[in-house]
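Undergrad: Just remember that the numbering used here sits 154 ahead of the position in the sequence shown, which is counted from 1.
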Amino acid sequence: MRQPVVLDTWDAYWVVSLIRSNDDNTRDATAEFLMNLESDASVRNCFDALEALFYELSESPGGTDGKTVVNIATIVGSWARNITPDTDSRDPGKPFPAFALEIAKRWQQILRQSKAKADWTETLRTLDSLIERASKSPSVPTVKALVSPP
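In structure tokens, the structure reads:
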């Protein structure tokens, strides 16, 4: 059954903002909701909001920011594995699963090169696992090169 939810850019921003909550249940429920989105537009809009939040928070893993980045990595890694390849990314002609996998690999590289690398152990472990599983997914073609950070 398709979800009857379509999130525009504004809605996506507010939904994604919930994963910054101090409440574990709110963060977990929001991540679960986002991982199960089906609307192509909603996925793209939420991805943009998640990406902006990742770059904002990836400098400092302290407090809930570290948990938020783990959730962002989990959501995008799950999309790389589970979103159907007929979902377009913001890159013309590139299926969303391949795009999400490239971004997850970029984030993995950014966190590995971070001055706070030791603080990103859980996030890197999560990304490693999700990237490995997504790379084996039939919906994701082999990603040969990393895209450069914005």
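The beta carbon of each residue, even a glycine, is placed where N, CA and C say it ideally should be.
1) When the Cβ atoms of the segment 220-228 are set against those of the segment 195-202, are three or more pairs found closer than 8 Å?
2) Using DSSP bridges, identify the partner residues of P377.
3) So, at 6 Å on beta carbons, what are the nonlocal neighbours of R279 in its own chain, with the 5 sequence-adjacent residues on each side left out?
4) I need the DSSP call for L284, collapsed to helix, strand or coil.
5) How big is the Cα-Cα spacing for F253 and D182?
6) Nearest to P251 by CA position, among T241, R260 and R174, is which residue?
7) Assuming S306 and M189 form a contact by the criterion Cβ under 8 Å, report the distance between their Cβ atoms to the nearest whole angstrom.
8) Under 9 Å between the Cβ atoms of D212 and V223?
9) Pick helix, strand or coil for Q267, following the three-state DSSP scheme.
10) Taking L255 and S289 to be in contact with their CB atoms under 8 Å, please state how far apart those CB atoms are, rounded to whole angstroms.
11) May I ask you to report which of helix, strand or coil DSSP gives K221?
12) Would you decide whether W274 is buried or exposed? Buried here means 16 or more other CB atoms lie within 10 Å of its CB.
13) Closest to A272 by C-alpha separation, out of N236, V159, G220 and P249, would be which residue?
TA: Let me spell this out:
1) Touching, no.
2) No answer is possible for residue 377: it lies beyond the span of the chain, which begins at 155 and ends at 304.
3) The beta carbon of R279 sits closer than 6 Å to no other beta carbon from its chain once the five residues preceding and following it are set aside.
4) Correct three-state label for L284: helix.
5) Approximately 24 Å between the Cα atoms of the pair.
6) Out of T241, R260 and R174, T241 has the C-alpha closest to the C-alpha of P251.
7) What the structure shows of the chain is the stretch from 155 to 304, and residue 306 is not part of that stretch, so it cannot be assessed.
8) According to the sequence as given, residue 212 is Ser; it is not Asp. Taking 9 Å as the Cβ cut-off, S212 and V223 qualify as a contacting pair.
9) Look at Q267 here: in three-state DSSP terms it is coil, with no helix or strand label.
10) The pair is a contact, with the Cβ atoms about 7 Å apart (cut-off 8 Å).
11) Three-state DSSP puts K221 in a helix.
12) By the 10 Å Cβ count, W274 comes out buried.
13) Per the Cα distances, G220.
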